[in-house]
Every structure is written in structure tokens, then in C-alpha cells.
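Report on one structure; see the data block that follows.
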Amino acid sequence: MTFQAPKGVPEFWPPRSATLTAVRTAFADAAERAGYGYIEVPVFEETQLFARGVGESTDVVSKEMYTFEDRGGRSLTLRPEFTAGVLRSVLEHNLHTGQLPVKLWTTGPAFRYERPQAGRYRQFQQFDLEAIGTEDPTVDAETIAIAWDGYQALGLSRVRLLLNTLGCKECRPLYRAALQDFLRALDLDEATRQRAEINPLRVLDDKRPEVRAKVDAAPLITDHLCASCKAHHDQVRELLADLSIPWEDTPRLVRGLDYYTRTTYEFDHPMLGAQSGIGGGGRYDGLSEDIGGPPLPGIGFAVGVDRIILAVEAEHGPGAAGQARCEVYGVPLGERAARAVFGLVTELRRAGVAADMAFGGKGLKGAMKGADRSGAAFAVILGERDLAAGSAQVKTLETGEQSEVPLTEIVMKLKERLGK
RNA sequence: GUGGGUGUAGCUCAGCUGGCAGAGCGCCAGGUUGUGGUCCUGGAUGUCGUGGGUUCAAGUCCCAUCACUCACCCCA
């Protein structure tokens, strides 16, 4: 083995890759049903877009970006998240000049230079959804409902929804100052003191028990909201209750990216160890202006496809998503028969039947083994004898029953027996 | 970035205080010259993660390095 994949890059191959496509499909279907359209955005952007959008003070920008210079001397960065790029595209192509909100989804890899761990990778897959151009709290609830339905479609019963609000540009600064005053009075280690200065909210969700204890009496955002943020938050919660989506109010929930305002939420799965966040989202009402656009509120979420795969496997065991099922398996005996079987298999496929065959001049025994493993309901056995008779042996693999069927009728008969 | 654990066949792993490289599963073939799933028999596959060191002798001991993994951190 001379080459290996770069560090921290997961790869997926059958049968496990079926879970990956199932996860994408579950969320894409939920999004499409709600009127969200697919948008394809670039994997890399101008570095400044992320620096200004995600925020210079975040760890993501300050120490985790894959930044490089291209041959033209431009500084580019592999996307560490989707929202900034999607919003940039919306503004650049004036998608926000029509009816609002603009509702979009996308999916693909994102990149962060971090120490790999279970559920944390340097290249990771996200499904992302954004609703841009309205402050209506109904849309906040809509995005949550879509994510929720995605998890439900995958049969995940143990997902928790954690809900909070971060206030707006009116009330958040006041809260931030109050929190900072509180934190400065505490005896904290150097790294945490610095975080308290740069991003004080982050100190609230420190996992270390000794820090948790000290922060226990910290002021909470929910006690510092302005009237409109409080009303917004209450409406979102009422809407979720209407939809029977259970949530937990978590006033210490913060988000790692600077752009979040008002509604913020996270989806969490209890069987994943340290990287238990399987999705997160929220409102970003100031982001458009941060990247040079007009005032344009928005809300969206990203879910971690890799982590959801782990959650599906944790709840349902590996291979639960199953794979493409073969229905008919061709077993040729000899070269002339192999040509005929290949033609038959192709004809079956064109007729909408999932069909495969034994390759490489395998013997009958080996080919039958292949038929068995394929999961097919029927094996079609064809040798010189059958060719001469103009028919094939159709074997029902579960029962072992076998009958002779004329080649001219075989596609029709098989479709019939498969209920097609 | 910090700290722990692990790297041996395609997979899961055993290999004691250094002394001939192993098992199960899988794969291939045969038992059954045209019939799978069970059973029996046989077979193939290893730079023991990589590089150095100690030793008559290293999978085993030492150092370095790479990767994986768990936690912190970060976040999806």
C-alpha cells in the first residue's frame, strides 16, 4: 500500500455508502416538499467571505481553515460551512429581488483543519438549508420541522432538539457586557479568560465540570431579551408546540459562528460520545450586511451527514439502510450462453427489473453462489442445452423450484412473477 | 493545539519473560462432469504501519515517525 487517503478524511463504500445516500435523500425530500430548491455553490470561496461572514474571532476562521493561494495570487479557502457561500450567491445573482423568502438547500463536503475524532473529520459532509429574506418566526419553525422530519424519516427516535435565542443587535450587546462582568470576577484559567474577552458566550457551554460549576450562576440571555426578541422566541416555541415537536429550552446553548442571532438550535444524539451534535442552525439577521449586502434576514441549518450515519448505525445497527436489491440473477454456462444471458439481463434492466449476472466464466456452482448472495428472487440458468431448446431454467431461489421458460417469454414472465 | 490507547492475512483478532507467522470469518477449488444457502476436504493471500537502534536472534525491547482511536478543545 503506497498511498493513503489524507488524514481525517472518511470514505464510504458499499454497503455502508447506502446509509450516506439515504441520509441525503431523507433531508432533500423533506426540503423539496417544503418548497426549497437545490442550489449548487462552490467548494472554495474568497477567504475574506468566510473571515467576515463566519467571524474573525471564531476558532473556525482563526485556526481551522484550509486557505491557499491560487496561481493568480488570490487567497481562497475551502468552505468551512455553507451559509456564507449560499448567501453570497443569493446576493450576487439577485435571487432576493423576487418574492421572499428565497428557500434553498444544498449538500456536499466542508473542510476544517481539526484533530480527527469519532464524528469529527477534516472533510465532512453536510446537508444545508437556508430561508433568506424574512423575519417571520414561522420560517424559524419551518426549518426546525424540516430537519426534524429528516431525522424521523431515518427512523432516529432519540434525537433531542435544544432551543435557545441569542438576542439581536439591540439586546445581545447588553447581555454580553453583563456576562463579561460576571466572568471577569471569576477565577478562570488563562485560555478561558481570553475566551471570555473574545467570545464570552462560548464559556457557557464549556464541558469541564469545574468550569461549569463556576459558571452556574451566570446571567442568562433569556433574562436580557428585548421585547421583540422575546416575542419572536415565544412565537417559535408556540409553533413548535402546535407541531408536536418536542424541544428543550437550553439558555446556555451557543453557536460557534459569529453570525447567529435570535433563534438558535441544535440537534443532539445521546449515543455518539463527545461529538453528539448532529445538526445545528439558527437565524443570521445581520450576516448579509456583514458581507456587504443589504439588510436581509435569514435562517437555516446544517446537519452533519457523517454523524447522522453514526447515529443511524447506533440505533439500528450497521447495514440497516440496506442496499440496491437484485431481483433476477443470470447464470450462464459457457461463452455462447454468456452472450445470451448478458442480452437478457440488459433487456430486463431496460424493462425496470434489477438484474445482475455471473461474470468471468464462473462454474455453475460459483455462479449459483453469486445468485444466492445477490439476494435475487430468481436465477435464470442458461446453457447449451437450453439455447438449443430456445428456453431457460428459471429457479425460485427461496424454494428451489425450477421451471423451463421459453426465451421469447422470459422477460414478461419474470416481470409478472415480480409483480411488475 | 494538549493528553491517553491501538496498528499482525480482505475482515475481526491471538501471538507469554525476544527463538520457524497463527486462528476464525471471507475468498478460490474439489466432494456433486448442469444447480446456491448446510456439511466435509484442500488451497491462495503478510514489506507484522514506516524508518532507525539494541541483540547471535525483534511481531515481541528502545527511539522516532505516520495513521487510526478516545477525551479536552472545537463543532456538523
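Taking this note's numbering, the leading residue of the first sequence gets 4, the next gets one more, and so forth.
Backbone N, C-alpha and C define an ideal beta-carbon position, used for all residues, glycine too.
### Message
I need the boundaries of the beta strand (DSSP E) containing Ser231, first residue and last residue.
### Response
Numbered from its first residue, the first sequence carries residue 231 at position 228. Segment 230 to 245 is the alpha helix (DSSP H) holding Ser231; no beta strand (DSSP E) there.
### Task
Report the option in Val397, Thr402, Pro335 whose CA atom is closest to the CA atom of Lys370.
Taking the first residue of the first sequence as 1, we reach residue 370 at position 367. For clarity, residue 370 is Ala in the given sequence; the question names Lys instead. Closest option to Ala370, Cα to Cα, is Pro335.
### Query
Run through DSSP, which three-state label would Thr195 get?
On the first sequence, residue 195 is found 192 positions in, with the first residue counted as 1. Looking at Thr195 - three-state DSSP - the assignment turns out to be helix.
### Query
Roughly how many whole angstroms lie between the Cα atoms of Leu191 and Ser60?
Position 188 of the first sequence holds residue 191. Position 57 of the first sequence holds residue 60. So the alpha carbons of these two residues sit roughly 20 Å apart.
### Task
May I have the straight-line CA-CA distance separating Asp375 from Gly403, to the nearest angstrom?
Working through the first sequence from its first residue, we reach residue 375 at position 372. Working through the first sequence from its first residue, we reach residue 403 at position 400. Their Cα atoms are separated by approximately 11 Å.
### Task
Kindly provide the ranges of any alpha helix (DSSP H) runs that are 4 or more residues long and lie completely inside the stretch 286 to 355, ordered along the chain.
290 to 293, 308 to 319, 338 to 353
### Message
Between Val306 and Gly153, how many whole angstroms is the CB-CB distance? I'm expecting something under 8 Å.
### Response
Here the question's residue 306 lines up with position 303 in the first sequence. Here the question's residue 153 lines up with position 150 in the first sequence. Right, their Cβ atoms sit about 7 Å apart.
### Message
As a quick exercise: from Asp73, Phe53, Glu72, pick the residue whose alpha carbon is nearest that of Ser65.
### Response
Looking up residue 65 in the first sequence gives position 62. The candidate whose alpha carbon is nearest that of Ser65 is Phe53.
### Task
Sort Gly295, Ile201, Trp151, Asp226 by Cα distance to Tyr178 and report the nearest one.
Taking the first sequence and counting its residues from 1, one reaches residue 178 at position 175. Closest option to Tyr178, Cα to Cα, is Asp226.
### Query
By DSSP, does Met360 sit in helix, in strand, or in coil?
Residue mapping note: residue 360 aligns to position 357 of the first sequence, counting from 1. If DSSP states are grouped into helix, strand and coil, Met360 belongs with the strands.
### Query
Residues bridged to Lys398 by DSSP?
Start at 1 with the first residue of the first sequence, and residue 398 comes out as number 395. Note: Lys398 sits in a beta bridge opposite Ala382, Gln405.
### Query
Just how far apart, CA to CA, sit Arg123 and Phe130?
Counted from its first residue, the first sequence places residue 123 at position 120. Counted from its first residue, the first sequence places residue 130 at position 127. Rounded to the nearest angstrom, the two C-alpha atoms are 15 Å apart.
#### Entry: Rounded separation between Glu43 and Thr141 - CA only
Along the first sequence, one-based indexing puts residue 43 at 40. Along the first sequence, one-based indexing puts residue 141 at 138. So the alpha carbons of these two residues sit roughly 26 Å apart.
### Query
Taking all protein chains shown into account, do 16 or more other C-beta atoms lie within 10 angstroms of the C-beta of Phe121, making it buried, or fewer, making it exposed?
By one-based count along the first sequence, residue 121 stands at place 118. First, the amino acid is wrong: residue 121 is Ala here, not Phe. It is exposed - the Cβ of Ala121 has fewer than 16 other Cβ atoms within 10 Å.
### Query
For the stretch 262 to 272 against the stretch 167 to 187, are there 3 or more C-beta pairs whose distance is under 8 Å?
yes
### Query
Do you know whose CA, among Ala379, Ala361, Val344, Arg388, lies nearest Ile413's CA?
Here residue 413 corresponds to residue number 410 of the first sequence, with the count starting at 1. It is Val344 whose Cα lies nearest to the Cα of Ile413.
### Cβ separation of Val63 and Leu260, assumed to be a contact under 8 Å, to the nearest whole Å
The residue given as residue 63 occupies position 60 in the first sequence. The residue given as residue 260 occupies position 257 in the first sequence. Contact holds; Cβ gap of about 7 Å.
### Expected contact under 8 Å - CB spacing of Ile311 and Thr146 to nearest Å
Residue 311 sits at position 308 when you count from the first residue of the first sequence. Residue 146 sits at position 143 when you count from the first residue of the first sequence. No, Ile311 and Thr146 are not in contact; Cβ-Cβ is about 17 Å, not under 8 Å.
### Task
Figure out for me which residue from Ala277, Ala134, Thr411 has the closest Cα to the Cα of Ala37.
One-based indexing of the first sequence puts residue 37 at position 34. Closest option to Ala37, Cα to Cα, is Ala134.
### Message
Checking 8 Å against the spacing of the C-beta atoms, do Phe185 and Ala221 come in under that value?
### Response
By 1-based counting over the first sequence, the position of residue 185 is 182. By 1-based counting over the first sequence, the position of residue 221 is 218. Yes, the Cβ-Cβ distance between Phe185 and Ala221 is below 8 Å.
### Task
Would you check if the distance between the CB atom of Pro13 and the CB atom of Asp309 is smaller than 8 Å?
On the first sequence, residue 13 is found 10 positions in, with the first residue counted as 1. On the first sequence, residue 309 is found 306 positions in, with the first residue counted as 1. It is a contact, given that the beta carbons lie within the stated cut-off.
### Query
Can you give the Cα-Cα distance for Gly366 and Arg420, rounded to whole angstroms?
Within the first sequence, numbered from 1, the residue matching residue 366 stands at position 363. Within the first sequence, numbered from 1, the residue matching residue 420 stands at position 417. Rounded to whole angstroms, Gly366 to Arg420 spans 27 Å at the Cα level.
### Query
Using the beta-carbon count (16 or more within 10 Å), is Ala83 buried or exposed?
By 1-based counting over the first sequence, the position of residue 83 is 80. Note that residue 83 is Pro in the sequence shown, not Ala. Under this definition Pro83 is a buried residue.
### Query
Are three or more beta carbon pairs between the stretch 154 to 165 and the stretch 272 to 281 nearer than 8 Å?
yes
### Task
Output yes or no for whether 8 Å exceeds the beta carbon distance between Thr109 and Leu79.
Working through the first sequence from its first residue, we reach residue 109 at position 106. Working through the first sequence from its first residue, we reach residue 79 at position 76. Going by C-beta atoms, Thr109 is not nearer than 8 Å to Leu79.
### Same chain only: Cβ atoms within 7 Å of Ala29, ignoring 5 sequence neighbours per side
Position 26 of the first sequence, counting from 1, holds the residue named residue 29. Gly153, Ala156, Leu157, listed in sequence order.
### Message
How far does the beta strand (DSSP E) with Glu72 in it extend, from its first residue to its last?
### Response
Mapped onto the first sequence, residue 72 falls at position 69. 70 to 72 is the span of the beta strand (DSSP E), which, as asked, contains Glu72.
### Query
Three-state secondary structure (DSSP) at Arg255?
One-based indexing of the first sequence puts residue 255 at position 252. Of the three classes helix, strand and coil, the one that applies to Arg255 here is coil, per DSSP.
### Query
According to DSSP, what are the bridge partners of Tyr268?
Walking along the first sequence from the start, residue 268 turns up at place 265. According to DSSP, which records beta bridges pairwise, Tyr268 is partnered with Leu166, Gly284.
### Query
What separation, rounded to the nearest whole angstrom, lies between the Cα atoms of Cys329 and Ala25?
The count along the first sequence starts at 1 and reaches residue 329 at position 326. The count along the first sequence starts at 1 and reaches residue 25 at position 22. Cα to Cα, Cys329 sits roughly 18 Å from Ala25.
### Query
Going by the beta-carbon positions, is the gap between Gly333 and Met360 smaller than 8 Å?
Your numbering for residue 333 matches position 330 in the first sequence. Your numbering for residue 360 matches position 357 in the first sequence. Yes.
### Message
Rounded to whole angstroms, what is the Cα-Cα separation between Val356 and Val331?
### Response
Start at 1 with the first residue of the first sequence, and residue 356 comes out as number 353. Start at 1 with the first residue of the first sequence, and residue 331 comes out as number 328. Taking the straight line from one Cα to the other gives about 7 Å.
### Task
Can you grab the Cα-Cα spacing for the pair Ala277 / Val383, in whole Å?
Residue 277 sits at position 274 when you count from the first residue of the first sequence. Residue 383 sits at position 380 when you count from the first residue of the first sequence. Computed Cα separation, rounded: 51 Å.
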